[in-house]
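Participant: Protein chains in written order, with the working numbering: chain S, 1 to 399; chain E, 1001 to 1232. For glycine and all other residues, C-beta sits at the position ideal for the given N, C-alpha and C.
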Amino acid sequence: MYKASSHIKVTQIFSESIDNLNLSKRRSILALLGIIVGSSSIIALLTIGGNAADEAVRIFKNMGTDILVVGFPYSHQNRQPLPSTLDSQALRKAVPGISQIAPITLHSAQLSHNGQNTDASLVGTTQGLADAIGLKFNAGRDLSRYDHRETFAVVGARVAKDLGSLGNPLRVGDLIRIDNYLFNVIGIAESLPATPLIPIVLDESILIPIEGMKRLRPAPEITGIIIKADEADLAALAEVLNSYLTQTFNGREVDVQIPQQLLDGLRHQASTFSYLLAALGGISLLVGGVGVMNVMLMSVAERKREIGIRMALGARQRDIRTLFLLEAVNLSIVGAIAGALLGVAIAFSFTHFSGWEFTLSIMALPLGVGCSLLTGIFFGLYPAISASKLQPAEALRAE
Amino acid sequence: MIISLDGITYSHRTGEQELCVLKDVTLDIMRGQSCAIVGSSGSGKSTLLNILGLLSRPDSGEFHFVGYDMCSASSDVLASIRNQEIGFVFQSFNLLSRLTALDNVALPLSYRGFSRNKARQHALDHLKQVGLEDRVTHLPSELSGGQCQRVAIARALVGNPSLILADEPTGNLDSQTATEILDILLALNREQSVTLIVVTHDIAMANHFDRKLEIRQGKMHEVAVARDDKHV
């Protein structure tokens, strides 16, 4: 067997491949553009999609992840009236793992104070609601368990603003008239964004002790219960709760919702959507890859004679293959990096102008850059192999 | 013996048609010999040179190069032998237009695993030997035909080959430059006992070689060299 000396090093082929690209700049730039567009759109779309999902979820974020919302859907089969309030002590005893219970009854009312009138939802509830939904107070305090006989009220942010006037804002201790009763303001709440998962819009509400609702409305029924759980397994708790409440309320249909589950669903949907966007980016990358292949095939056709010369001087098939493959890979490395920068810049300005918070999604960069590199290798492979398979004598004859 | 061909045939296929270019060529060439291959154009002399240079494989027959069987050798082995044992000189020079004279000469050494600097050092030595040390950084397009061919000769020599194959090396040159180039090649053969095989259609030139092989219709004939013409 003929003993060959050592062979060309890949690093040397690499530096040659860079020289070659430098020498055919315009064509290289065209191929680059395709890769840049593809990789930047993957990164930008993934990041924007991720940020959009975060934004959607953020609205629900501040209400905590340990909440259950009980509702009583109206049904024709069972028109059994609901009680006006709930025995929280009994529920606590029967269903372990509950940290806060807040039954609510919902009505609407016209309020007036100091000549200012406004409409608000009148919410009868107990202490515990504020803790369960994460309500904070600008002034005063929450309802307490000793307030159930009192005409006390906690006022939501928008209602407080409507009832106050310039220079004379609503204060704790002021009296608000609801129908024929005067209620004493004991607390003014901070603004709390509305979430579709909780049946009350706090900013538009006035909270009064649930027992006092009878003063204002005939035969009030509880519309829902908001429960804060102690334990992690919300689904199990929901089941126990459901069977207890069904029994307590004479077979009325009970619907226990776990906002966390809805939230998870929402998040899942959002991520599905952002992968859809990424797939769109992938298609543009595919087009970019075809561009790379096109440029490399042209390059091989144009440099046939060079390939023949290199072979005559001792280049092995694999040396030729490596040379052309590295040229394609170099293009995609540069394209991927430029695309990553461009993609992040696009995503950043998009989120900036949408007023969202910008977070770089963890998957976006490696996915975008990785896909671009794979595209380069995949679409560079065929031209490189076809170059290496040329017969030296034939290649040398080429013009 | 550096080359031993036995019953080599080669056909050129263009679509359906098969054109027989070489028929049963048998040839032995000893180390240090100089041979001219002559023949009319299309007779198959370039094809023979391509086979001798391991650039194409014969259809049948046996080919031994420095004792190794070339018909069964892998393409990697052929590449290594081209790199280490054979230097090519072409009619159209075949320099890489994007590389300087120095890098063109250094190219064969890079395929041998030399570092760029070491390869350039050797290349410079060989450019000096052909008298082009002041044209080192020039591109082929900035050199005359004769200078290009000298760069090509330097490139052929840089790997210390045992065989130089030249395909009409003076075909694109004026007669004075052609004589210079031929003198360089013959001097190499004489002084460094490099085996030299040159394809030419110039009968006068062929008389400067040890042996003259003529190809007619794909068959090879050994022809006597007109000795009295040999100069130097």
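With three or more beta-carbon pairs closer than 8 Å as the criterion, would you say the region 325–340 of chain S touches the region 237–245 of chain S?
Facilitator: Fewer than three pairs of CB atoms, one per stretch, sit closer than 8 Å, so the region 325–340 of chain S makes no contact with the region 237–245 of chain S.
Participant: Looking at the secondary structure, which residues open and close the beta strand (DSSP E) in which residue 1035 of chain E lies?
Facilitator: Against the second sequence, residue 1035 of chain E aligns to sequence position 35. Run containing residue 1035 of chain E: 1034–1038, per the beta strand (DSSP E) assignment.
Participant: Please check the pair residue 197 of chain S and residue 103 of chain S, which I expect to be a contact at CB under 8 Å, by giving their CB distance rounded to whole angstroms.
Facilitator: Residue mapping note: residue 197 of chain S aligns to position 197 of the first sequence, counting from 1. Residue mapping note: residue 103 of chain S aligns to position 103 of the first sequence, counting from 1. No, residue 197 of chain S and residue 103 of chain S are not in contact; Cβ-Cβ is about 17 Å, not under 8 Å.
Participant: Could you tell me which chain E residues have their CB closer than 8 Å to the CB of residue 313 of chain S, listed as they occur along the chain?
Facilitator: Position 313 of the first sequence, counted from the start, is the residue given in the question as residue 313 of chain S. Simply 1082, 1083, 1088, 1107, 1108, 1111, 1155.
Participant: For residue 327 of chain S and chain E, any beta-carbon pair shorter than 9 Å?
Facilitator: Taking the first residue of the first sequence as 1, we reach residue 327 of chain S at position 327. Taking Cβ atoms only, chain E never reaches closer than 9 Å to residue 327 of chain S, which makes this a no.
Participant: Would you mind working out which of S:289, S:42, S:324, S:29 sits nearest residue 10 of chain S, comparing C-alpha positions?
Facilitator: If you number the first sequence from 1, residue 10 of chain S lands on position 10. The shortest Cα separation from residue 10 of chain S among S:289, S:42, S:324, S:29 belongs to S:324.
Participant: Pair every Cβ in the region 367–377 of chain S with every Cβ in the region 50–58 of chain S, then say whether three or more of these pairs are closer than 8 Å.
Facilitator: Touching, no.
Participant: Taking the Cβ atom as the reference point for each residue, do residue 100 of chain S and residue 135 of chain S lie within a distance shorter than 9 Å?
Facilitator: Taking the first sequence and counting its residues from 1, the one referred to as residue 100 of chain S is at position 100. Taking the first sequence and counting its residues from 1, the one referred to as residue 135 of chain S is at position 135. Against a cut-off of 9 Å, the Cβ pair of residue 135 of chain S and residue 100 of chain S comes out as no contact.
Participant: Residues in its own chain within less than 6 Å of residue 1177 of chain E by CB, not counting five upstream and five downstream?
Facilitator: As a working mapping, residue 1177 of chain E is identified with position 177 in the second sequence. 1146, listed in sequence order.
Participant: For residue 1224 of chain E, go through chain S and note every residue whose CB falls closer than 8 Å to its CB, in chain order.
Facilitator: Residue 1224 of chain E sits at position 224 when you count from the first residue of the second sequence. None at all; the shortest Cβ gap to chain S is about 31 Å.
Participant: Would you say residue 286 of chain S faces chain E, with C-beta separation under 9 Å as the test?
Facilitator: Looking up residue 286 of chain S in the first sequence gives position 286. Against chain E, the CB of residue 286 of chain S has no partner CB under 9 Å away; the residue lies outside that interface.
Participant: Assign residue 1008 of chain E to one of two classes, buried (16 or more other C-beta atoms within 10 Å of its C-beta) or exposed (fewer than that).
Facilitator: Taking the second sequence and counting its residues from 1, the one referred to as residue 1008 of chain E is at position 8. Residue 1008 of chain E comes out buried.
Participant: Go ahead and label residue 90 of chain S buried or exposed: buried means 16 or more other beta carbons lie within 10 angstroms of its beta carbon, across all protein chains shown.
Facilitator: As a first step, residue 90 of chain S is located in the first sequence; it is residue number 90 there, counting from the start. Exposed, because fewer than 16 other Cβ atoms sit within 10 Å of the Cβ of residue 90 of chain S.
Participant: Going by the CB atoms, is the gap between residue 1029 of chain E and residue 1003 of chain E shorter than 9 Å?
Facilitator: Against the second sequence, residue 1003 of chain E aligns to sequence position 3. Against the second sequence, residue 1029 of chain E aligns to sequence position 29. Yes; because the gap between Cβ atoms is below 9 Å, this pair is in contact.
Participant: Closest to residue 1077 of chain E by C-alpha separation, out of S:5, S:350, S:396, would be which residue?
Facilitator: Within the second sequence, numbered from 1, the residue matching residue 1077 of chain E stands at position 77. Of the candidates S:5, S:350, S:396, the residue whose Cα lies closest to the Cα of residue 1077 of chain E is S:5.
Participant: Can you look up residue 1008 of chain E in the DSSP assignment and give me helix, strand or coil?
Facilitator: Sequence index remark: in the second sequence, residue 1008 of chain E carries index 8 (1-based). Residue 1008 of chain E falls in the strand class under three-state DSSP.
Participant: Leaving out the 5 sequence neighbours to the left and right, which residues in its chain are closer than 8 Å to residue 1224 of chain E when beta-carbon positions are compared?
Facilitator: The residue you call residue 1224 of chain E lines up with position 224 of the second sequence. Answer for residue 1224 of chain E: 1212, listed in chain order.
Participant: If we define contact as Cβ-Cβ less than 9 Å, is residue 26 of chain S a contact residue for chain E?
Facilitator: Reading the first sequence from its first residue, position 26 is the one you call residue 26 of chain S. Judged by the 9 Å Cβ criterion, residue 26 of chain S is not in contact with chain E.
Participant: Between the region 166–174 of chain S and the region 215–230 of chain S, are three or more C-beta pairs nearer than 8 Å?
Facilitator: At 8 Å Cβ cutoff, the stretches do not touch.
Participant: Ordered along the chain, which non-local residues of its own chain (more than five positions away) have a Cβ less than 6 Å from that of residue 1117 of chain E?
Facilitator: If you number the second sequence from 1, residue 1117 of chain E lands on position 117. Nothing listed; no residue qualifies.
Participant: In the DSSP assignment, the beta strand (DSSP E) including residue 1063 of chain E goes from what residue to what residue?
Facilitator: For the purposes of this step, residue 1063 of chain E is taken as residue 63 along the second sequence, with counting starting at 1. Looking at the DSSP string, the run of the beta strand (DSSP E) that includes residue 1063 of chain E is 1060–1065.
Participant: As an exercise, report each continuous alpha helix (DSSP H) stretch of at least 4 residues that is fully enclosed by the region 231–285 of chain S, in chain order.
Facilitator: 234–248
Participant: Can you tell which of S:311, S:274, S:381 has its C-alpha closest to the C-alpha of residue 292 of chain S?
Facilitator: The count along the first sequence starts at 1 and reaches residue 292 of chain S at position 292. The candidate whose alpha carbon is nearest that of residue 292 of chain S is S:381.
Participant: Quick check: residue 157 of chain S and residue 202 of chain S, are their CB atoms within less than 9 Å of each other?
Facilitator: Stepping through the first sequence from its first residue, residue 157 of chain S is reached at position 157. Stepping through the first sequence from its first residue, residue 202 of chain S is reached at position 202. The answer is yes: Cβ separation under 9 Å.
Participant: What residues of chain E sit near residue 319 of chain S, judged by a beta carbon separation below 7 Å?
Facilitator: Sequence index remark: in the first sequence, residue 319 of chain S carries index 319 (1-based). Near residue 319 of chain S (Cβ distances below 7 Å), the residues of chain E are 1111.
Participant: The beta strand (DSSP E) that contains residue 181 of chain S, what's its start and end?
Facilitator: Here residue 181 of chain S is taken as the residue at index 181 of the first sequence, counted from 1. From DSSP, the beta strand (DSSP E) with residue 181 of chain S extends over 181–189.
Participant: Counting along the chain, where does the beta strand (DSSP E) carrying residue 1020 of chain E start and finish?
Facilitator: Start at 1 with the first residue of the second sequence, and residue 1020 of chain E comes out as number 20. Its beta strand (DSSP E) spans residues 1017–1029.
Participant: For residue 1056 of chain E, would you say it is in contact with chain S, using Cβ-to-Cβ distances shorter than 9 Å as the test?
Facilitator: By 1-based counting over the second sequence, the position of residue 1056 of chain E is 56. Closer than 9 Å: yes.
Participant: What first and last residue would you give for the beta strand (DSSP E) that runs through residue 1166 of chain E?
Facilitator: On the second sequence, residue 1166 of chain E is found 166 positions in, with the first residue counted as 1. Taken as a continuous stretch (DSSP letters only), the beta strand (DSSP E) holding residue 1166 of chain E covers 1163–1167.
Participant: Rounding to the nearest angstrom, what Cα-Cα distance links residue 1135 of chain E and residue 1101 of chain E in this structure?
Facilitator: Taking the second sequence and counting its residues from 1, one reaches residue 1135 of chain E at position 135. Taking the second sequence and counting its residues from 1, one reaches residue 1101 of chain E at position 101. Looking at the two C-alpha atoms, the distance is approximately 7 Å.
Participant: Near residue 396 of chain S, which residues of its chain fall below 6 Å by C-beta distance, leaving aside the five closest residues on each side in sequence?
Facilitator: Residue 396 of chain S sits at position 396 when you count from the first residue of the first sequence. So the list reads 308, once near-sequence residues are dropped.
Participant: Is residue 288 of chain S closer than 9 Å to residue 372 of chain S when the C-beta atoms are compared?
Facilitator: Locating residue 372 of chain S in the first sequence gives position 372, counting from the first residue. Locating residue 288 of chain S in the first sequence gives position 288, counting from the first residue. Closer than 9 Å, so yes.
Participant: For the region 72–83 of chain S against the region 240–253 of chain S, do three or more pairs of beta-carbon atoms, one drawn from each stretch, fall closer than 8 Å, so that the two count as touching?
Facilitator: yes
Participant: For residue 108 of chain S, name the three-state secondary structure that DSSP assigns.
Facilitator: As a working note, residue 108 of chain S is residue 108 in the first sequence. Note: residue 108 of chain S maps to strand in three-state DSSP.
Participant: Can you tell me whether residue 1226 of chain E is buried or exposed, with buried defined as 16 or more other CB within 10 angstroms of its CB?
Facilitator: As a first step, residue 1226 of chain E is located in the second sequence; it is residue number 226 there, counting from the start. The residue in question, residue 1226 of chain E, is exposed, as its Cβ has fewer than 16 Cβ neighbours within 10 Å.
Participant: Just to confirm before moving on: does the CB-CB distance between residue 393 of chain S and residue 1115 of chain E stay below 9 Å?
Facilitator: Here residue 393 of chain S refers to the residue found at position 393 when the first sequence is read from its first residue. Here residue 1115 of chain E refers to the residue found at position 115 when the second sequence is read from its first residue. No, the Cβ-Cβ distance between residue 393 of chain S and residue 1115 of chain E is not below 9 Å.
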